[in-house]
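There are 2 protein chains.
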Amino acid sequence: MRYTLAYVGIQVRNLERSISFYRDVLGMRVVRRQRVPETDGEWAELRSAGSKQMLELNWYPDGSKFFTGPYRNGDELDHIAFACADVERAYGELIAKGARSGHPPFAEGGSMLAYVEDPDGIWIELSGPVPGD
Amino acid sequence: MRYTLAYVGIQVRNLERSISFYRDVLGMRVVRRQRVPETDGEWAELRSAGSKQMLELNWYPDGSKFFTGPYRNGDELDHIAFACADVERAYGELIAKGARSGHPPFAEGGSMLAYVEDPDGIWIELSGPVPGD
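First to last, the protein sequences are chains A and B.
The first sequence: position 63 = 63 (our numbering), numbered continuously.
The second sequence: position 61 = 1061 (our numbering), numbered continuously.
#1: Cβ closer than 9 angstroms: which chain A residues qualify as neighbours of Pro1119 of chain B?
#2: Within its chain, find whatever has a CB closer than 6 angstroms to the CB of Trp59 of chain A; leave out the 5 residues flanking it on each side and keep chain order.
#3: Using C-beta distances below 6 angstroms, list every residue in its chain close to Met112 of chain A, excluding the 5 sequence neighbours before and after it, in chain order.
#4: Quickly, what does DSSP pair Phe106 of chain A with across the bridge? List them, please.
#5: Assess contact between the stretch 1024-1036 of chain B and the stretch 41-55 of chain A, defined as three or more Cβ pairs (one per stretch) separated by less than 8 angstroms. Is contact present?
#6: Take the Cβ of Asp133 of chain A as the centre, count every other Cβ of all protein chains shown within 10 Å, and call the residue buried at 16 or more, exposed below.
#7: Between Gln1034 of chain B and chain A, is any beta-carbon pair separated by less than 7 angstroms?
#8: Between the alpha carbons of Lys1110 of chain B and Val1036 of chain B, how many angstroms are there, rounded?
#9: Would you please state the rounded distance, in angstroms, between the beta carbons of Gly27 of chain A and Tyr1003 of chain B? I believe it to be under 8 angstroms.
#10: Using DSSP bridges, identify the partner residues of Arg32 of chain A.
#11: Give a yes or no on whether 7 angstroms exceeds the smallest Cβ distance from Leu1005 of chain B to chain A.
#12: Would you mind sorting Pro114 of chain A into buried or exposed? The rule is 16 or more other CB atoms within 10 Å of its CB.
#13: Step through the CB atoms of chain B and report whether any lies within less than 7 angstroms of the CB of Val25 of chain A.
#14: Would a check of beta-carbon distances place Val1087 of chain B closer than 7 angstroms to chain A?
#15: Under the DSSP definition of a beta bridge, which residues are partnered with Ala83 of chain A?
#16: What does Ala1099 of chain B touch in chain A if you count any residue whose Cβ is under 7 angstroms from its own?
#17: Just reading off the alpha helix (DSSP H) that Leu1015 of chain B is part of, what are its end residues?
#18: Answer with yes or no whether the minimum CB distance from Val1008 of chain B to chain A is below 7 angstroms.
#19: From B:Pro1119, B:Ala1006, B:Ala1081, B:Ile1019, pick the residue whose C-alpha is nearest to that of Ala1099 of chain B; which is it?
#20: Counting only Cβ pairs nearer than 8 angstroms, list the residues of chain B close to Phe82 of chain A.
#21: Could you tell me whether any Cβ in chain B is nearer than 7 angstroms to the Cβ of Leu126 of chain A?
#22: Under a CB-based cut-off of 7 angstroms, is Leu1077 of chain B close to chain A?
#23: Return no unless some Cβ of chain D is closer than 7 angstroms to the Cβ of Ser64 of chain A.
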C-alpha cells in the first residue's frame, strides 16, 4: 500500500500558549483547530506562509485516556502521521513487516486510525477513510 | 522577519535501522543524507512520493557533544526547523519576544544556525545563509 507522510504532531502542555508562540512569535497560521471528544483533548494544525509543511499541536487534559500525565520531558513527540487508502489493510501489512502495534484500527471523527511503532518506539499514525463511507 | 517551517527532525538510535523502516516499510524516499563533522553524526531527509512534507532523521554517536546519551525515551523529538533570511537578526528578535535561548548563532556546513526553545522546551532551529556568502 502507498503511505503518504501527512505531518508531525507534537504534544504541548498548554494549547493557547503554544499557539501564541507558533503564531505570534514565528508567524505561522492556524489552518484547522478541533476538539476531539474521543480524547477529551484538542489539536491545531499550523503552516507557515509559502510552506506546504504542516505542524500539529496536540493537547490532552488531565484525566484523558490519551494522557498519562503529568507531562514529562520527552512527551513532546506525540506521533508522525501517514495517510493511506485502507487503514485495516495497512495496519496488517506493517505488522507483517515487523512494526510493533501501538493501537489497532478504530474509527474517530469520520476517519479510521491505527498506530504502529517505529524502531525507536515513536508512534506512527495511519489515517484513512472509514470503510463503506 | 519571515520564518518558514522547513521540517521536523527526530532523533534515532540507529540511522540504518530507521532508514530501513521509513524507506522499506513505509515507502519513503531518502532525498539527502549527510555526515556532519561538527556533531560527529549524520542526518537523512525523507519524503513520501506525492508529498511535500519532509522528515529528518538525526543520529549522533556516543561521545558527540550533541549527544547526552545514553538515548532516553523522550530524546526522539530532536528539533523543529524554520528557514529565515538572517539568523543573527532572527535570533535576537525571537529572544526579544520571550523565547528562551537554546544556542546562539554559529556557522555549520555553509549555513548559519541558531536555536531557541518553544514554551515546552522543544528546540527550534533557525537556519539561513552565512552573512557575506
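The beta-carbon is built from N, C-alpha and C at its ideal position, and this holds for glycine as well.
Small disclaimer: the values here were computed from a predicted structure and weren't measured.
The relevant details are as follows:
#1: Val12, Arg13, Asn14, Arg17, Ser18, Ser20, Phe21
#2: Val12, Leu15, Gly41, Glu42
#3: Val87, Pro105, Gly128, Val130
#4: A:Leu113
#5: no
#6: exposed
#7: no
#8: Checking the displayed sequence, the identity of residue 1110 of chain B turns out to be Gly instead of Lys. Rounded to whole angstroms, Gly1110 of chain B to Val1036 of chain B spans 11 angstroms at the Cα level.
#9: 5 angstroms
#10: A:Glu45
#11: yes
#12: The amino acid at residue 114 of chain A is misidentified as Pro; the sequence shows Ala. Counting Cβ neighbours within 10 Å, Ala114 of chain A comes out buried, since at least 16 surround it.
#13: yes
#14: no
#15: A:Thr4, A:Ser127
#16: Val25
#17: 1015-1020
#18: yes
#19: B:Pro1119
#20: Leu1026, Ser1048
#21: no
#22: yes
#23: Of the chains in the structure shown, none is chain D; the protein chains are A and B.
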